[in-house]
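Asks:
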Amino acid sequence: MKHLSDEQLVFHHYQVSDDGHSVEAHLAGCEACRARYQALQDVLSAIPVTPVPERSADYGRQVWQRLQPRLDECVVPFWRRLFERPSLPSLPRWWLAPAMTALVLAAFLVGLFWSRSRAQDTLASRLRQELRQELVADFQSALNRSQERSSNALAALEARLANDSKAEARQLVQALHDMLGRARAEDRQMLLAMFRNWEEDNAAAYVTLRQDLEELASLTDKEMRRARSILVELAAQTPPPDPPFRINK
Amino acid sequence: MEDSDTAVVRQVRAGDKDAFRVLVERHSHALFRLAYRMTGNEHDADDVVQETFLRAFRHLNRFEPARSFGAWLHRITVNCSINLLHQRPPQVETSQACTPLAADALDSLAATTPSPDGAAIHAELQQRVQAALGRLSAGERTAFVLRHFEGESIEHIGAVLGVGTSAAKQYVFRGVQKVRRELEPLLSLTR
Ligand SMILES: [Zn+2]
Chain Y
772 MKHLSDEQLV FHHYQVSDDG HSVEAHLAGC EACRARYQAL QDVLSAIPVT
822 PVPERSADYG RQVWQRLQPR LDECVVPFWR RLFERPSLPS LPRWWLAPAM
872 TALVLAAFLV GLFWSRSRAQ DTLASRLRQE LRQELVADFQ SALNRSQERS
922 SNALAALEAR LANDSKAEAR QLVQALHDML GRARAEDRQM LLAMFRNWEE
972 DNAAAYVTLR QDLEELASLT DKEMRRARSI LVELAAQTPP PDPPFRINK
Chain E
2 MEDSDTAVVR QVRAGDKDAF RVLVERHSHA LFRLAYRMTG NEHDADDVVQ
52 ETFLRAFRHL NRFEPARSFG AWLHRITVNC SINLLHQRPP QVETSQACTP
102 LAADALDSLA ATTPSPDGAA IHAELQQRVQ AALGRLSAGE RTAFVLRHFE
152 GESIEHIGAV LGVGTSAAKQ YVFRGVQKVR RELEPLLSLT R
């Protein structure tokens, strides 16, 4: 007779068995398994059940009150979302740095355009001026963060490649290439969307902006090529294998 | 009739930030329970609940309406709890690292008291369970906590972990085995 496995006993205890009846039948007829089942139940029933501390009926309201002011921080300007893309959390984004530089430039040019346009209303022009400064500051801090992250990512990559065998490192590099490629396509879309936003908001600045964005696109292309060549170089330089390589960390 | 979670999510996504309140009020208690089971600390659990809703709000566009919003929230709670446990300052690590020493304490306990004091064993058990939970993987811990303490269905556990039911059952099983290994020596002392 085949006895019940530990797994079957655990599943039976938690009533998640696929074959509850046959387990039951076996237990009824097998003293050995019954003893094992009893031992399992003894342990599990000995686990002290600490009561969960009470929360008042209006706990949800309290949570909301604490939460609500923090939600405003979540309304992220669209350019900052560039750095918070869900699908690529750990992707090195060093090639975004020149993109941001170009955007700072674009903002600057838009600002120039605005100041030339002689708005009838000085208040409006001051607001625009402030907005421009805000934009530039935002881009600048995004740029700094991007540079910091990208150098960290590159260092991590380098360290990792140094420990992996050549063939497997190549595999990794290939995977990274693909990721970068996908990110690139995504970024093109993002840039287009940004462009459309700007176009709507600032129809007059359209032409200048278009040139800047074209410039930006070629810059990021160049940066992509540079990133790829760095990756290939790194893969070629890696020493012979050390520990077995695991691609999933 | 009450709006479904998905309907409210749609409202929030459409820009009605205050509609999020409905979701907060609806799910706070359950999230607190889960966070408390995961972290073992009341204040941590409160913080995890906050963090969960904040993240949920921030990433609401990642929620797939075909799925259960509750399970999605629980998943975030689990992640926040695990993050928090990983960020713990070393003294907690130390207390966990000390648990093997507790065996000595038990020896002396068994030696000095012919029938071990129930309260002492209970306290020791509790400590052991916490230590054992701390050593489980995130998946095992979540599955064990949800099934053992909260009596959640395997389907729900699978949804929280983002795995199928058989994988969810495996997590429960592995969690049980590890906890059991931790507790059995202690329990044999009491017999
Ligand atoms: Zn048997």
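Chains Y and E supply the protein sequences, listed in that same order. First residue of the first sequence: 772, per this note's numbering; consecutive thereafter. First residue of the second sequence: 2, per this note's numbering; consecutive thereafter. Think of the CB as a built atom: it goes at the ideal place given N, C-alpha and C, for glycine as much as any other residue.
Name the chain Y residues that come within less than 8 Å of E/TYR37, Cβ to Cβ?
Replies: Taking the second sequence and counting its residues from 1, the one referred to as residue 37 of chain E is at position 36. The contacting residues are VAL823, PRO824.
Asks: Let me see if you follow: with CB-CB separation under 8 Å, is Y/ARG805 close to chain E or not?
Replies: Position 34 of the first sequence, counted from the start, is the residue given in the question as residue 805 of chain Y. Output row for Y/ARG805: interface = no.
Asks: Just to confirm my understanding: we take Y/HIS797, look at its own chain, exclude 5 residues before and 5 after, and list those with CB closer than 7 Å. What are they?
Replies: Residue mapping note: residue 797 of chain Y aligns to position 26 of the first sequence, counting from 1. The residues are LEU775, CYS804.
Asks: If you run the structure through DSSP and keep just helix, strand and coil, what is Y/VAL823?
Replies: Start at 1 with the first residue of the first sequence, and residue 823 of chain Y comes out as number 52. Here Y/VAL823 sits in coil by DSSP.
Asks: Determine, for E/PHE33, whether the minimum Cβ-Cβ distance to residues of chain Y falls below 8 Å.
Replies: As a first step, residue 33 of chain E must be located in the second sequence, where it is residue number 32. It does; some Cβ of chain Y falls within 8 Å.
Asks: At 4 residues or longer, and completely inside the region 32-68 of chain E: list those alpha helix (DSSP H) runs for me, N to C.
Replies: Taking only runs of at least 4 residues, the alpha helix (DSSP H) segments lying wholly in the region 32-68 of chain E are 43-59.
Asks: E/VAL23 and E/PRO66 - do their beta-carbons sit closer together than 8 Å?
Replies: By 1-based counting over the second sequence, the position of residue 66 of chain E is 65. By 1-based counting over the second sequence, the position of residue 23 of chain E is 22. Against a cut-off of 8 Å, the Cβ pair of E/VAL23 and E/PRO66 comes out as no contact.
Asks: Indicate whether the contact test is met: 3 or more Cβ pairs, each with one atom in the region 827-841 of chain Y and one in the region 16-35 of chain E, closer than 8 Å.
Replies: Output reads yes: the region 16-35 of chain E touches the region 827-841 of chain Y.
Asks: Tell me the rounded alpha-carbon separation between E/GLN131 and Y/PHE782.
Replies: The count along the second sequence starts at 1 and reaches residue 131 of chain E at position 130. The count along the first sequence starts at 1 and reaches residue 782 of chain Y at position 11. Taking the straight line from one Cα to the other gives about 22 Å.
Asks: Relative to the alpha-carbon of E/MET39, which residue among E/ALA139, E/ARG175, E/PHE54, E/ALA160 has its alpha-carbon at the smallest distance?
Replies: Position 38 of the second sequence holds residue 39 of chain E. Nearest option by C-alpha distance: E/ALA139.
Asks: Out of E/GLU156, E/PHE33, E/THR166, which one is the CA nearest neighbour of E/SER69?
Replies: The count along the second sequence starts at 1 and reaches residue 69 of chain E at position 68. Cα-wise, what sits closest to E/SER69 is E/GLU156.
Asks: Of all the CB atoms in chain E, is at least one closer than 8 Å to the CB of Y/LEU798?
Replies: Position 27 of the first sequence, counting from 1, holds the residue named residue 798 of chain Y. No, Y/LEU798 does not count as interfacial toward chain E.
Asks: Nearer than 7 Å: is that true of the beta carbon of Y/HIS774 relative to any heavy atom of ligand 1?
Replies: Looking up residue 774 of chain Y in the first sequence gives position 3. Checking every heavy atom of ligand 1 against the Cβ of Y/HIS774, one is found closer than 7 Å.
Asks: Relative to chain Y, which residues along the region 66-87 of chain E have a C-beta separation below 7 Å, given in chain order?
Replies: Listed by position along the chain: nothing, the set is empty.
Asks: Please report whether the beta-carbon of Y/GLY831 lies at a distance below 8 Å from any beta-carbon of chain E.
Replies: The count along the first sequence starts at 1 and reaches residue 831 of chain Y at position 60. Interface residue, yes.
Asks: In chain order, what residues of the same chain have a beta carbon less than 6 Å from the beta carbon of E/ALA46, not counting five sequence neighbours either side?
Replies: Within the second sequence, the letter at position 45 stands for residue 46 of chain E. Within the same chain, E/ALA46 has close Cβ partners PHE33, ALA36, TYR37, THR40.
Asks: So is E/GLU125 in contact with chain Y if we call contact Cβ pairs under 8 Å?
Replies: The residue given as residue 125 of chain E occupies position 124 in the second sequence. No, no contact with chain Y.
Asks: Run the proximity test for Y/HIS792: is its beta-carbon closer than 7 Å to any non-hydrogen atom belonging to ligand 1?
Replies: Along the first sequence, read from residue 1 onward, the residue named residue 792 of chain Y stands at position 21. Y/HIS792: no, Cβ never under 7 Å from ligand 1.
Asks: Would you say Y/TYR785 lies against chain E (beta-carbon separation less than 8 Å)?
Replies: To locate residue 785 of chain Y, count along the first sequence from 1; it is residue 14. So, interface residue.
Asks: Taking C-beta to C-beta, are E/ARG63 and E/GLY163 nearer than 8 Å?
Replies: Within the second sequence, the letter at position 62 stands for residue 63 of chain E. Within the second sequence, the letter at position 162 stands for residue 163 of chain E. No; because the gap between Cβ atoms is not below 8 Å, this pair is not in contact.
Asks: Compile a chain-ordered list of the residues in the region 126-138 of chain E whose CB is closer than 7 Å to at least one CB of chain Y.
Replies: The region 126-138 of chain E vs chain Y, Cβ under 7 Å: LEU126, GLN127, VAL130.
Asks: So is the beta-carbon of E/ALA67 under 7 Å away from any non-hydrogen atom of ligand 1?
Replies: Position 66 of the second sequence, counted from the first residue, corresponds to residue 67 of chain E. E/ALA67 Cβ: outside cutoff for every heavy atom of ligand 1.
Asks: With 8 Å as the threshold, decide whether the Cβ of Y/ASP790 is near any Cβ in chain E.
Replies: Start at 1 with the first residue of the first sequence, and residue 790 of chain Y comes out as number 19. Y/ASP790 does not count as touching chain E.
Asks: Quick one: list the residues of chain E neighbouring Y/VAL794, beta-carbon separation under 8 Å, in chain order.
Replies: Your numbering for residue 794 of chain Y matches position 23 in the first sequence. The premise fails here: Y/VAL794 is roughly 14 Å from chain E at the closest Cβ pair, so nothing lies under 8 Å.
Asks: Which complete alpha helix (DSSP H) runs does the region 116-168 of chain E hold, if anything under 4 residues is left out?
Replies: Fully enclosed alpha helix (DSSP H) runs of 4 or longer: 119-136, 139-145, 155-162.
Asks: Just how far apart, CA to CA, sit Y/ALA799 and E/GLN127?
Replies: Mapped onto the first sequence, residue 799 of chain Y falls at position 28. Mapped onto the second sequence, residue 127 of chain E falls at position 126. Cα-Cα distance, rounded: 33 Å.
Asks: For the region 801-815 of chain Y against the region 827-835 of chain Y, do three or more pairs of beta-carbon atoms, one drawn from each stretch, fall closer than 8 Å, so that the two count as touching?
Replies: No contact exists between the region 801-815 of chain Y and the region 827-835 of chain Y.
Asks: Rounded to the nearest angstrom, what separates E/GLN121 and E/GLY165 at their Cα positions?
Replies: Mapped onto the second sequence, residue 121 of chain E falls at position 120. Mapped onto the second sequence, residue 165 of chain E falls at position 164. Looking at the sequence shown, residue 121 of chain E is not Gln but Ala. In a straight line, the C-alpha of E/ALA121 is about 40 Å away from that of E/GLY165.
Asks: I need the straight-line Cα distance from E/ALA124 to E/SER189, nearest angstrom please.
Replies: The sequence position of residue 124 of chain E within the second sequence is 123, counting from 1. The sequence position of residue 189 of chain E within the second sequence is 188, counting from 1. Rounded to the nearest angstrom, the two C-alpha atoms are 16 Å apart.
Asks: Restricting to Cα atoms, I'd like to know which of E/GLN178, E/ASP4, E/VAL161 is closest to Y/HIS784.
Replies: For the purposes of this step, residue 784 of chain Y is taken as residue 13 along the first sequence, with counting starting at 1. Of the listed residues, the one whose Cα sits closest to Y/HIS784 is E/GLN178.
Asks: Does the distance from the C-beta atom of E/LEU85 to that of E/VAL49 stay below 8 Å?
Replies: Taking the second sequence and counting its residues from 1, the one referred to as residue 85 of chain E is at position 84. Taking the second sequence and counting its residues from 1, the one referred to as residue 49 of chain E is at position 48. It is a contact, given that the beta carbons lie within the stated cut-off.
Asks: Examine chain Y for any beta-carbon lying closer than 8 Å to the beta-carbon of E/HIS157, and answer yes or no.
Replies: Translated into the one-based positions of the second sequence, residue 157 of chain E becomes position 156. No, no contact with chain Y.
Asks: Anything in chain E within Cβ reach of Y/LEU842, meaning under 8 Å, just list it in chain order.
Replies: Taking the first residue of the first sequence as position 1, residue 842 of chain Y is located at position 71. Neighbours of Y/LEU842 on chain E, chain order: LYS18, PHE21, LEU55, PHE58.
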